[in-house]
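*Asks:* Counting along the sequence shown from 1, when you hit position 453 you're at 447 in the numbering used here, and nothing is skipped either side. For each residue, glycine too, the CB sits at the ideal point set by N, CA and C. Since this is a predicted model, take the numbers as computed values, not measurements. Please see the structure below; I have some questions.
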Amino acid sequence: MTTKSPTKSGAGVITHRTRSERAASGKQARQHVPLSAHAEVAQSRLADPLALLEGQAGNRIADLIPIRYGRMSSSPFSFYRGGALIMANDLSQVPNSGLQAQLCGDAHLSNFGIYASPERRLVFDINDFDETHPGPFEWDVKRLAGSIAVAAQDNGFSDKKVRRVVIASVQGYREAIRSFATKGNLEVWYSHLEMAEVITQVSEQLDARRAALTQTMFDKARSRDSMQALSKLATDVDGEIRIASDPPLVVPIEELLVGQEAEATYEYLHTIIRAYRRTLQWDRRHLLEEFRLVHMARKVVGVGSVGTRAWVLLFEGIDSGDPLFLQAKEAQKSVLSGFTAPSTFKNQGQRVVTGQQLVQATSDIFLGWHHAIGLDGNDRDYYVRQLRDGKGSVVVDGMRPDGMAFYAKVCGQTLARAHARSGDRVAIAAYLGSSSRFDEAIADFAETYAAQNARDHSALTDAIAAGTVQATTGI
């Protein structure tokens, strides 16, 4: 049986209720959907996984789809990263708690990481929101837990260690949401996790060598900004700074279009940028106007997003040594949209930006959106953010069990903070309770789902081998 909560606001949250009223709704939800029910995985599927992927391909750049399949075929974890729609379809077929939050929608391990706050602190948070949408809180928890199980198996962990790492994450989530439930609204809203705190915890829980590796990742992320991007992505062309060509991953506009078409595209982009500026706070709009657009290129991003339209925009400030790199990325409907209440936002870029700002403790100052009719005559929504601004993520390949358990716990705690900001934290905490029953049920789910994901990955590699799916590997 599925329970449904009345909806109000972006995340479907009921506001202005007392703590006792909220706790009562959480306990009532448990009567309808007991904690043990979250171990369930759908026995039959509404759609074939490869058919779902092929359906997504219809709205993407056809020439890039083989890159997506090539990346997804490289390992079960890579397949999982690209299969958010597959999992959304599967989750829709089992009972849910009905307790809503603004979901990340794709809360796998690699979508957590480091970025720079406007105050130039490095913080740790969820950092991908293409699929953000209101939905049952446990869908995010299951997406995270499943990714941990798949990644741990990819790393060769024993079944016992896989389960231990998954439980570390779910326990971290449950304990954190229960802690947030005791706090006031402002205290929850202002909470955040700085990387300096993570480094301290790492030093206490990991050996010296692994703590040093984490510090190295921290230092590398600190150096990632527009100046670093300039050295990595740009080149000098006849005295002008331009984005370097690296096809098919980075292709300057002049190589995609020629002559008047390229000039028309630049004019079109200036119109888009003016529209995008209006979605920013006034002071940030003023700052952006201090820069001028000098070049653009199409960029292939991520795993699941390959084939969606993404542009790198190079701006120049007071001189060539004052760069700004922005990324304009196409926003399509969330993979969750077909299985939950419709989004309140008609513009999918606005959906992404609003969801990100609701969930993240602090967000990019240039985060905005726009709608455009492309040169091909098709309507498209985009969101815009800085390309690199202290961004970095932990590489899960090769992680040892203790390191992954620590990282999984931090991710679980971070997800809990996101849900505490956007959902009814008191109701969720009351639903989960103080026992480990939810942790164990999610661990059971993750184990079963990891096996299903492995079968789906094999189906893709078999289709590639048979020639029914075209894939480009090594990119």
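1) Does DSSP classify V420 as helix, strand or coil?
2) For the candidate residues A23, G349, H364, E188, whose alpha-carbon lies nearest to that of A322?
3) Determine, using beta carbons only, whether F285 and L187 come nearer to each other than 7 Å.
4) Use the C-beta contact count for Q380: other C-beta atoms within 10 angstroms, 16 or more gives buried, fewer gives exposed.
5) Taking the C-alpha atoms as reference points, what is the distance between A304 and Y270?
6) Quick one: what does DSSP say D230 is sitting in, helix, strand or coil?
7) If we ignore side chains and look at the alpha-carbon of each, how far apart do Y376 and S152 end up?
8) Could you check if A460 is buried or exposed, using at least 16 other CB atoms within 10 Å of its CB as the buried criterion?
9) Alpha carbon to alpha carbon, how far is A414 from K(-2)? Give it in angstroms, no decimals.
10) With DSSP as the reference, identify every bridge partner of A23, one or two as the case may be.
11) Considering only residues of the same chain and omitting the five flanking positions on each side of S428, which have a CB-CB separation below 8 Å?
12) Which complete alpha helix (DSSP H) runs does the stretch 13 to 93 hold, if anything under 4 residues is left out?
13) Give me, in chain order, the residues of the same chain whose beta-carbon lies closer than 6 Å to that of A170; leave out the 5 immediate sequence neighbours on both sides.
14) Can you tell me whether DSSP reads A335 as helix, strand or coil?
15) G427 lies in the alpha helix (DSSP H); which residues open and close that run?
16) For a quick check, are the C-beta atoms of V297 and R65 less than 7 Å apart?
17) Report all residues from its chain with a CB closer than 6 Å to the CB of V390; omit the five preceding and five following residues, and keep chain order.
18) For the stretch 68 to 86 against the stretch 35 to 51, are there 3 or more C-beta pairs whose distance is under 8 Å?
19) Take every Cβ of the stretch 106 to 117, pair it with every Cβ of the stretch 49 to 67, and state whether three or more of those distances are shorter than 8 Å.
20) Hey, would you say N121 sits closer than 7 Å to G99, going by beta carbons?
21) If you measure between the beta carbons of M398 and V159, is that distance less than 7 Å?
22) Leaving out five residues on either side along the sequence, give the residues of the same chain with a beta carbon under 6 Å from the beta carbon of G76.
23) Could you pull the start and end residues of the alpha helix (DSSP H) that F174 belongs to?
24) Does DSSP put F319 in a helix, in a strand, or in coil?
25) In terms of residue numbering, what span does the alpha helix (DSSP H) encompassing K136 cover?
26) Which residue from S357, V88, G468 puts its Cα closest to that of Y109?
27) Tell me whether P112 sits in a helix, a strand or coil according to DSSP, three-state version.
28) State buried or exposed for Y63, treating a residue as buried only when at least 16 other CB atoms are found within 10 Å of its CB.
29) When DSSP labels each residue in this structure, what does R236 get in the three-state scheme?
30) Could you check where the alpha helix (DSSP H) with E249 kicks off and where it finishes?
31) Please classify A238 as buried or exposed, where buried requires at least 16 other C-beta atoms within 10 Å of its C-beta.
32) Where does Y74 land, buried or exposed, given buried means 16+ other C-beta within 10 angstroms?
33) Out of curiosity, what's the CA-to-CA distance linking Q480 and K154?
34) Under a Cβ-count criterion, where at least 16 other Cβ atoms within 10 Å of its own Cβ denotes burial, should E324 be classed as buried or exposed?
35) If we cut at 7 Å on Cβ distances, does P28 have a partner in chain B?
36) Look at L79 and V329 and say whether their C-beta atoms are less than 7 Å apart.
*Replies:* Taking the structure as given:
1) When secondary structure is reduced to three states using DSSP, V420 falls in the helix class.
2) Nearest neighbour of A322 by Cα position, chosen from A23, G349, H364, E188, turns out to be H364.
3) F285 is not a Cβ neighbour of L187, given a cutoff of 7 Å.
4) Within a 10 Å sphere around the beta-carbon of Q380 sit 16 or more other beta-carbons, which makes this residue buried.
5) If I take the Cα positions, the gap works out to 15 Å.
6) Under the three-state reduction of DSSP output, D230 falls in the strand class.
7) Each residue's alpha carbon lies about 43 Å from the other.
8) With fewer than 16 Cβ atoms within 10 Å of its Cβ, A460 is classed as exposed.
9) Note that K(-2) has pLDDT 42, beneath the 50 cutoff, so the model's placement of it is unreliable and the number below is only indicative. Going by C-alpha positions, K(-2) is about 19 Å away from A414.
10) Secondary-structure assignment with DSSP links A23 through no beta bridge to anything.
11) Close CB contacts of S428 within its chain, under the 8 Å cut and outside five residues either way in sequence, are with R172 (chain order).
12) Every unbroken stretch of the alpha helix (DSSP H) spanning 4 or more residues and falling wholly within the stretch 13 to 93 is given here in chain order: 13 to 26, 43 to 51, 59 to 67, 70 to 76, 78 to 85.
13) Closer than 6 Å at Cβ, skipping near neighbours: Q407, A410.
14) DSSP places A335 in coil when its eight states are reduced to three.
15) It is not in any alpha helix (DSSP H) - G427 carries neither H nor E in the DSSP assignment.
16) Their beta carbons are under 7 Å apart, which means V297 touches R65 by this criterion.
17) Taken in chain order, the residues that qualify are L103, A145.
18) At 8 Å Cβ cutoff, the stretches touch.
19) No contact exists between the stretch 106 to 117 and the stretch 49 to 67.
20) Not a contact, by the Cβ cut-off of 7 Å.
21) Yes.
22) Cβ within range, chain order: M66, V297, G298.
23) Looking at the DSSP string, the run of the alpha helix (DSSP H) that includes F174 is 153 to 175.
24) Three-state result, F319: strand.
25) Per DSSP, the unbroken alpha helix (DSSP H) holding K136 starts and ends at 131 to 148.
26) Ranking S357, V88, G468 by Cα distance to Y109 puts S357 first.
27) The three-state reading of DSSP puts P112 in coil, since its state is none of H, G, I, E or B.
28) Buried: at least 16 other Cβ atoms inside 10 Å.
29) Note: R236 maps to strand in three-state DSSP.
30) Per DSSP, the continuous alpha helix (DSSP H) segment holding E249 begins and ends at 247 to 250.
31) Counting C-beta atoms within 10 angstroms of its own C-beta, A238 has fewer than 16 neighbours from the protein chains shown and is therefore classed as exposed.
32) Y74 is buried by the Cβ-count criterion.
33) The structure shown does not extend to residue 480, since the chain is modelled only from -5 to 469, so the question has no answer here.
34) Per the 10 Å Cβ criterion, buried.
35) Considering every chain present, this structure includes no chain B. It has just one protein chain.
36) Cβ atoms of L79 and V329: closer than 7 Å.
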